[in-house]
Structure formats: structure tokens, C-alpha cells
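Everything below concerns the one structure shown next.
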Amino acid sequence: MGVTTEIDPVELTKSLIACPSITPEDAGVLGQLQKELERIGFECKRYKFTDENTPDVDNLFAKYGNGRPHLCFGGHTDVVPVGELNAWSSDPFVPTINNGKIYGRGASDMKSAIAAFVSAASTYINNGKFDGTISLLITNDEEGPAINGTKKVLEEIHKNGENIDSCIVGEPTCQNKLG
79 MGVTTEIDPV
89 ELTKSLIACP
99 SITPEDAGVL
109 GQLQKELERI
119 GFECKRYKFT
129 DENTPDVDNL
139 FAKYGNGRPH
149 LCFGGHTDVV
159 PVGELNAWSS
169 DPFVPTINNG
179 KIYGRGASDM
189 KSAIAAFVSA
199 ASTYINNGKF
209 DGTISLLITN
219 DEEGPAINGT
229 KKVLEEIHKN
239 GENIDSCIVG
249 EPTCQNKLG
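Be aware that the sequence shown starts at 79, since it is given in the numbering used here, and climbs by one per residue.
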């Protein structure tokens with residue numbers, strides 16, 4: 079299970095931002111992420127859910143390893159609508175770097191966090207002895223109804239024998255102080 083390449087978090091962030099994944103549209107963002115994860119050795123499974131009066135939602139569960147502990151990174155690729163285009167200094171789906179910061183829809187919430195975790199996971203797997211499991215549970219249903227995403231994926235993977243020991247959520251927009 080060796081990784082031969084590491085993932086550049088800036089380049090991955092830019093490729094994710096370029097996908098206009100406005101809730102509930104996937105716009106290819108999960109496919110882009112899946113391609114990168116499979117390239118470094120993750121096994122990926124897609125889960126599509128629907129519920130009455132809600133849109134179909136695509137989700138991704140990617141896993142590397144089969145041991146313990148099992149660390150999962152939870153996140154979402156969907157973004158809110160861009161609003162007034164004239165309020166943007168550049169196209170919201172064309173990532174722009176200015177003064178060392180990446181700008182674009184989803185840069186903060188939360189495509190950069192996903193890219194950072196994927197990059198860190200690839201570096202860790204590539205450079206060390208690894209006996210545990212690293213996974214990503216990524217939904218495209220956080221900004222919308224949030225019915226056909228994380229909870230349903232967790233239920234499905236649990237039915238299939240997956241037990242997650244710890245989870246990191248890279249969501250940057252919680253207004254409550256935690257911890």
C-alpha cells in the first residue's frame with residue numbers, strides 16, 4: 079500500500095474551487111476528489127441518497143488501510159450560491175491567488191480544508207509506517223437541507239462493518255466556541 083506521490087494542497091484546492099458545486103449540484107467535484115484519492119491508494123465508494131421533497135445528493139466515502147485506530151475526516155464540497163456577481167473581484171469559480179491567499183467560492187468553506195487533509199494524509203502514508211485506517215466522508219449536502227449526507231453515509235458504512243474511532247471536521251464557520 080505505498081503512495082508514490084504527494085498531493086499539493088494548493089493545486090487540489092484550486093481544482094476543487096473550479097467545480098461550481100452549488101447545493102445540490104456536484105459539478106464533478108466529488109469525481110475530482112475521488113480521482114486524486116484513488117491515485118494515492120484510497121478505496122472509494124459513492125453513496126447517492128434522496129428523500130421525499132429533497133434533491134438527490136452524491137456523497138463519497140474514501141478509505142486507506144484496515145487497521146485501528148480509524149481516523150475519519152468529515153467535510154462537504156457543496157457551496158452556497160455566489161450572490162451578486164458584480165460583488166466579486168473575480169469569477170468565483172476561477173481560483174485566484176492574491177497576497178498569498180486563495181480566493182474563490184468554497185476556498186474557506188471548505189474546499190481548502192479538504193485539500194489540506196488529503197495532502198497531509200498522502201504525506202503521512204508516504205513517509206511512515208501506517209497500521210491504522212484513514213478515511214474521508216465527504217458530502218455534497220451541508221449547505222442545503224443536510225438530510226441526504228453525512229448521517230446517511232455513517233449509517234450505511236456502519237451496516238458494512240466500518241467503525242470510526244475519531245473524526246476531524248474542518249468546518250471553519252462555526253460561531254460557537256467548542257472545547
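By construction, the Cβ of each residue, glycine as well, lies at the ideal position given by its N, Cα and C atoms.
Quick caveat, the model's predicted, so the values are computed rather than measured.
Member of Asn238, Thr217, Asn204 whose CA lies at the smallest distance from the CA of glutamate 249 = Here residue 249 refers to the residue found at position 171 when the sequence shown is read from its first residue. Ranking the options by Cα distance to glutamate 249, first place goes to Thr217.
Glycine 184 to isoleucine 175 span [Cα, whole Å]: Translated into the one-based positions of the sequence shown, residue 184 becomes position 106. Translated into the one-based positions of the sequence shown, residue 175 becomes position 97. Rounded to the nearest angstrom, the two C-alpha atoms are 14 Å apart.
- Near asparagine 144, which residues of its chain fall below 7 Å by C-beta distance, leaving aside the five closest residues on each side in sequence? Taking the first residue of the sequence shown as position 1, residue 144 is located at position 66. Correct list, in chain order: Thr211.
request  = Between the Cα of glutamate 103 and those of Glu233, Thr251, Asn164, Asp219, spot the shortest distance and give me the residue it belongs to.
outcome  = Counted from its first residue, the sequence shown places residue 103 at position 25. Relative to glutamate 103, the option among Glu233, Thr251, Asn164, Asp219 whose CA is nearest is Asp219.
The alpha helix (DSSP H) enclosing lysine 92, as first and last residue numbers: Counting from one through the sequence shown, the residue named residue 92 turns up at place 14. Unbroken alpha helix (DSSP H) run through lysine 92: 87-95.
Discussion item. Judging by CA-CA distance, which residue of Leu232, Thr251, Arg146, Val247 is the nearest neighbour of tyrosine 125?
Written reply: Residue mapping note: residue 125 aligns to position 47 of the sequence shown, counting from 1. Out of Leu232, Thr251, Arg146, Val247, Leu232 has the C-alpha closest to the C-alpha of tyrosine 125.
Who does valine 157 pair with in a DSSP beta bridge?
Against the sequence shown, residue 157 aligns to sequence position 79. Valine 157 pairs with Ile100.
**Request:** Could you check if glycine 161 is buried or exposed, using at least 16 other CB atoms within 10 Å of its CB as the buried criterion?
**Result:** In the sequence shown, the residue the question calls residue 161 occupies position 83. By the 10 Å Cβ count, glycine 161 comes out exposed.
Point to revise | Which listed residue (Ala105, Asp134, Val88, Ile180) has its alpha carbon closest to that of lysine 230 | key: One-based indexing of the sequence shown puts residue 230 at position 152. It is Asp134 whose Cα lies nearest to the Cα of lysine 230.
Cβ contact (3+ pairs, closer than 8 Å) linking the region 195-208 and the region 139-158: The way I'd put it, the region 195-208 does touch the region 139-158; three or more beta-carbon pairs between them come closer than 8 Å.
Assuming leucine 115 contacts isoleucine 192 under a Cβ cut-off of 8 Å, what Cβ separation, rounded to an integer in Å, is found between them? Counting from one through the sequence shown, the residue named residue 115 turns up at place 37. Counting from one through the sequence shown, the residue named residue 192 turns up at place 114. Their Cβ separation, rounded to whole angstroms, is 10 Å, which puts leucine 115 and isoleucine 192 out of contact at 8 Å.
Q: May I ask you to report which of helix, strand or coil DSSP gives aspartate 136?
A: Residue 136 sits at position 58 when you count from the first residue of the sequence shown. Three-state DSSP puts aspartate 136 in a strand.
| lysine 230 - containing alpha helix (DSSP H), residue span | Locating residue 230 in the sequence shown gives position 152, where the first residue counts as 1. 228-237 is the extent of the alpha helix (DSSP H) around lysine 230.
Q) Near serine 244, which residues of its chain fall below 8 Å by C-beta distance, leaving aside the five closest residues on each side in sequence? A) Walking along the sequence shown from the start, residue 244 turns up at place 166. Cβ within range, chain order: Pro147, His148, Leu149, Cys150.
> Considering threonine 174, what are the terminal residues of the beta strand (DSSP E) in which it resides?
Replying inline: Sequence index remark: in the sequence shown, residue 174 carries index 96 (1-based). In the DSSP assignment, threonine 174 falls within the beta strand (DSSP E) that extends over 174-176.
Check your understanding: Excluding sequence positions up to five away, which residues of its chain have a Cβ less than 6 Å from the Cβ of alanine 194?
Key -> Here the question's residue 194 lines up with position 116 in the sequence shown. So the list reads Pro87, once near-sequence residues are dropped.
Pick from Ser213, Tyr181, Ser93, Lys207: whose alpha carbon is nearest that of glutamate 240? Taking the first residue of the sequence shown as position 1, residue 240 is located at position 162. Ranking the options by Cα distance to glutamate 240, first place goes to Ser213.
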